[in-house]
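>
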Amino acid sequence: MNKKLRLNVQNSIITIEEAALWATTLFTAINPIHDQISEPLKKFIYDYKGDRDGEIESEIAAGVKAGLFESKFDFFDQDNTAVRGLREFCTAAVLEVAKHVNGQFWQEDGKCSLEFHESWFHITNHGGQHEFHYHSNCSWCGIYYLEIGDATMENGCNRFFDPRTAAHGYSDYGTAYISENSRFNTTPKNGNLVIFPSYLYHSAAPYEGAQDRIVVSFNSSIHHEP
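Residues in the sequence shown are numbered consecutively from 162, following my numbering.
(1) Buried or exposed, going by whether 16 or more other CB atoms sit within 10 Å of the CB of Pro349?
(2) When we look at the beta-carbon of Ile304 and count the other beta-carbons within 10 Å, is it buried (16 or more) or exposed?
(3) Rounded to the nearest angstrom, what separates Phe234 and Val244 at their Cα positions?
(4) Between Thr242 and Asp196, what straight-line distance do the alpha-carbon atoms span, to the nearest angstrom?
(5) Got a sec? Which residues, its chain only, sit under 6 Å from Gly288 by beta carbon, not counting five neighbours each side?
(6) Going straight from the alpha carbon of Cys251 to that of Thr336, what length do you get?
(7) Would you kindly work out how many angstroms separate the C-alpha atoms of Phe266 and Thr326, rounded to a whole number?
(8) Report yes if the C-beta distance between Ile375 and Glu292 is below 7 Å; otherwise report no.
(9) How would you call Gly264, buried or exposed, if buried means at least 16 neighbouring beta carbons within 10 angstroms?
(10) Here's a check: name, in chain order, each residue in its chain whose Cβ is nearer than 6 Å to the Cβ of Ile339, leaving out the five neighbours to either side.
(11) Reducing DSSP to helix, strand and coil, say where Asp235 ends up.
(12) Give every residue of the same chain whose Cβ lies closer than 7 Å to the Cβ of Ala254, excluding the five residues on either side of it in the sequence, and list them in chain order.
(13) Quick one: is Trp281 buried, meaning 16 or more other Cβ sit within 10 Å of its Cβ, or exposed?
(14) If you reduce the DSSP assignment to three classes, tell me which class Ala243 lands in.
(15) Identify, in the order they occur along the chain, each residue of the same chain with its Cβ nearer than 8 Å to the Cβ of His363, setting aside the five sequence neighbours on each side.
(16) Report the three-state DSSP secondary structure of Tyr331 (helix, strand or coil).
Structure representation (structure tokens):
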């Protein structure tokens, strides 16, 4: 809700009206069937990986990834019951988010479908990380915490950054509201899906733990269905 500020200047009341513009919204949702699909998914993922370590199968931006195994970008295409269950959950959640943020701009019927352009998993440990980046050629992205291992808000969390890049070109006492809110760390939680717009810069902080950190990620787009 926009606020109005009032002050007295030379015996006159001045009203300053606030217009909050261009907010970036991030969404989270807990998968209600996580406990049912978690172990089958982890078995499928470890069988897929085999004895390979530190391999970037996708061959995409390998230079900004270290200490992790990344699958090819077709994870949701795999013929596996648990994979299909996760895909269905992610599809429903992203479509609901898209309807929520676009409802006032869409046609009255609001019929739409979701397309996964890429989907993959990361197995991370021993200080593995993914540097600052964003995703192109899609509208909505997701990160699903399959197994957080020993991840915390600082160890292996996903960190999101203020998309207003020009806002950080100058800093003084009057810009504390920018610098003090320039990043957001997600709380790692098993079964949690983080949904965010593709333009949002983010990273995966270095992770170290007795157990691997496993996430499933995807890029998607929304299409109108006539």
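Glycine residues also receive a C-beta, built at the ideal position from the N, C-alpha and C atoms.
Note that the structure is predicted; figures quoted are calculated from it, not measured.
According to the structure data:
(1) buried
(2) buried
(3) 14 Å
(4) 14 Å
(5) Gly228, Pro367, Glu369
(6) 37 Å
(7) 27 Å
(8) no
(9) exposed
(10) Ala328
(11) strand
(12) Ala190, Leu354, Ile356
(13) buried
(14) helix
(15) Phe293, His294, Tyr295, Asn319, Arg320, Phe321, Phe322, Phe357
(16) coil
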